[in-house]
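Chemist:
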Amino acid sequence: MLPKTIASAAVDAATFRRSLNRMVHNGDADRAAEITAHRIAEGELMVALGRDTPPTAEELVRLLPPGGRTSPPTFADLALIPDDDLDEMEAEDGEAEEIELEGNYRQWEAEDRVREAKEAAFARL
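Be aware that the sequence shown starts at 4, since it is given in our numbering, and climbs by one per residue.
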């Protein structure tokens, strides 16, 4: 895969950073996929820039190519979310998924017991 240009990497990073910030602000669940996409885009931008730290919101705005957006992102849209916060969000999402899955298993087990009871009752007829 060819390395991205700074401009294309900046657009991707801005897109995912903006989307993730909106999800966090709105309290949306299931952010794991968005966090992964955000981290990939940030990594590609850091490679394109030749550095090991992501740019600040102000730097990212300067890196974006002119035009092409109907609503330019604000600094709040592009605020850098610390990795520790992203790790915590991923952990919370994972815990929520585990709780949901556990509830699903309980529901399926209850449905199995009902089905088995019906089959046993039918067999006695």
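Note that beta-carbon positions come from the ideal geometry of N, C-alpha and C, so glycine has one too.
I'd like to know whether the C-beta atoms of leucine 81 and alanine 17 end up nearer to each other than 8 Å.
Modeler: As a working note, residue 81 is residue 78 in the sequence shown. As a working note, residue 17 is residue 14 in the sequence shown. In contact: leucine 81 and alanine 17 (Cβ atoms closer than 8 Å).
Chemist: Quick one: any contact between the region 80-99 and the region 7-26, if contact means 3 or more CB pairs under 8 Å?
Modeler: Touching, yes.
Chemist: Using 8 Å as the threshold, is the C-beta distance between alanine 94 and leucine 48 below it?
Modeler: Position 91 of the sequence shown, counting from 1, holds the residue named residue 94. Position 45 of the sequence shown, counting from 1, holds the residue named residue 48. No, the Cβ-Cβ distance between alanine 94 and leucine 48 is not below 8 Å.
Chemist: DSSP state of aspartate 90, grouped into three classes?
Modeler: Taking the first residue of the sequence shown as 1, we reach residue 90 at position 87. Three-state DSSP puts aspartate 90 in a helix.
Chemist: On a Cα-Cα basis, can you pick out the residue from Arg118, Glu119, Glu45 that is closest to aspartate 55?
Modeler: Residue mapping note: residue 55 aligns to position 52 of the sequence shown, counting from 1. When each option's Cα is compared against that of aspartate 55, the closest is Glu45.
Chemist: Grab the span of the alpha helix (DSSP H) containing glycine 46 for me, first residue to last.
Modeler: Taking the sequence shown and counting its residues from 1, one reaches residue 46 at position 43. Taken as a continuous stretch (DSSP letters only), the alpha helix (DSSP H) holding glycine 46 covers 35-52.
Chemist: Cutting at 7 Å between CB atoms, please list the residues of its own chain near arginine 116, excluding the five before and the five after it.
Modeler: Walking along the sequence shown from the start, residue 116 turns up at place 113. Result list for arginine 116: empty, nothing under 7 Å.
Chemist: Closest to alanine 10 by CA distance: which of Pro85, Val64, Glu98, Leu128 is it?
Modeler: Position 7 of the sequence shown, counted from the first residue, corresponds to residue 10. Checking every option, the nearest Cα to that of alanine 10 belongs to Val64.
Chemist: Would the beta-carbon of leucine 67 fall within 8 Å of that of proline 58?
Modeler: Locating residue 67 in the sequence shown gives position 64, counting from the first residue. Locating residue 58 in the sequence shown gives position 55, counting from the first residue. No, the Cβ-Cβ distance between leucine 67 and proline 58 is not below 8 Å.
Chemist: What does the alpha-carbon distance come out to for the pair aspartate 88 and glutamate 37?
Modeler: Taking the sequence shown and counting its residues from 1, one reaches residue 88 at position 85. Taking the sequence shown and counting its residues from 1, one reaches residue 37 at position 34. Aspartate 88 and glutamate 37: Cα-Cα distance of roughly 14 Å.
Chemist: In whole angstroms, what separates the C-alpha of arginine 127 from that of glutamate 119?
Modeler: For this step, residue 127 is matched to residue 124 along the sequence shown. For this step, residue 119 is matched to residue 116 along the sequence shown. Each residue's Cα considered, the two are about 12 Å apart.
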